[in-house]
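Letter 120 of the sequence shown, counting from 1, is numbered 119 in numbering that gives the first Met the number 0, and no numbers are missing. Here a beta-carbon is modelled for each residue, glycine too, at the ideal position from N, C-alpha and C. The structure under discussion appears below in the form of structure tokens.
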Amino acid sequence: MNRRFFFKTLASVIGLFFTGLWFKMVHVQNKNRVVKTVVISLDSLSEINFFNDFIVVREGSNLSVLSSKCTHLGCRIGNVSQDLLQCPCHGSSFDRAGQVVTGPALRPLPNLRYDIDQKNNTITVFLA
Ligand code: FES
């Protein structure tokens, strides 16, 4: 075994070790991720409803659940003005579908997953 072969082999073993360690850390993080849910009565909903982490928009029988975290720098959106969802920090506004109307935000508000329980007349929102 010459010196060059030895160092190449050593570098490969070290590289494999750290790659394995990285995969293990990512796997543990995903395993420990807890999905938080919030259950709301459908009867209590008006047209636009602000909660801590999300906004429920109700238009007739259609519902959409948007993240209330502004896509600019993450302020909580908790106000509607002139039918637009207003961010209190830097003036971004979004329409009822979460699309940007006024910047500086560039990306729309993400839609959150939800389930409707017709039997109990509730909506369960899944917060990742
Ligand atoms: S955080 Fe909403 S506009 Fe800046």
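Under the three-state DSSP convention, the category residue i falls into
i      : result
Lys35  : strand
Leu108 : coil
Ser45  : coil
Phe50  : coil
Nonlocal neighbours in the same chain, by C-beta distance under 8 Å from residue i, ignoring five residues either side
i     : result
Arg95 : Ile47, Val56, Glu58, Ser63, Asp82 and Leu84
Leu72 : Cys88 and His89
Whole-number beta carbon distance between residue j and residue i, since they are thought to touch under 8 Å
i     : j     : result
Phe93 : Ser67 : Actually they are not in contact, since the Cβ atoms of Phe93 and Ser67 sit about 10 Å apart, beyond 8 Å.
Residue from the options whose Cα sits closest to the Cα of residue i
i      : options                 : result
Thr70  : Gln98, Val25 and Asp116 : Gln98
Ile122 : Phe53, Pro109 and Lys23 : Phe53
Between the CA atoms of residue j and residue i - distance to the nearest angstrom
i     : j      : result
Ser45 : Ala104 : 26 Å
Asn51 : Phe17  : 39 Å
Val38 : Arg112 : 12 Å
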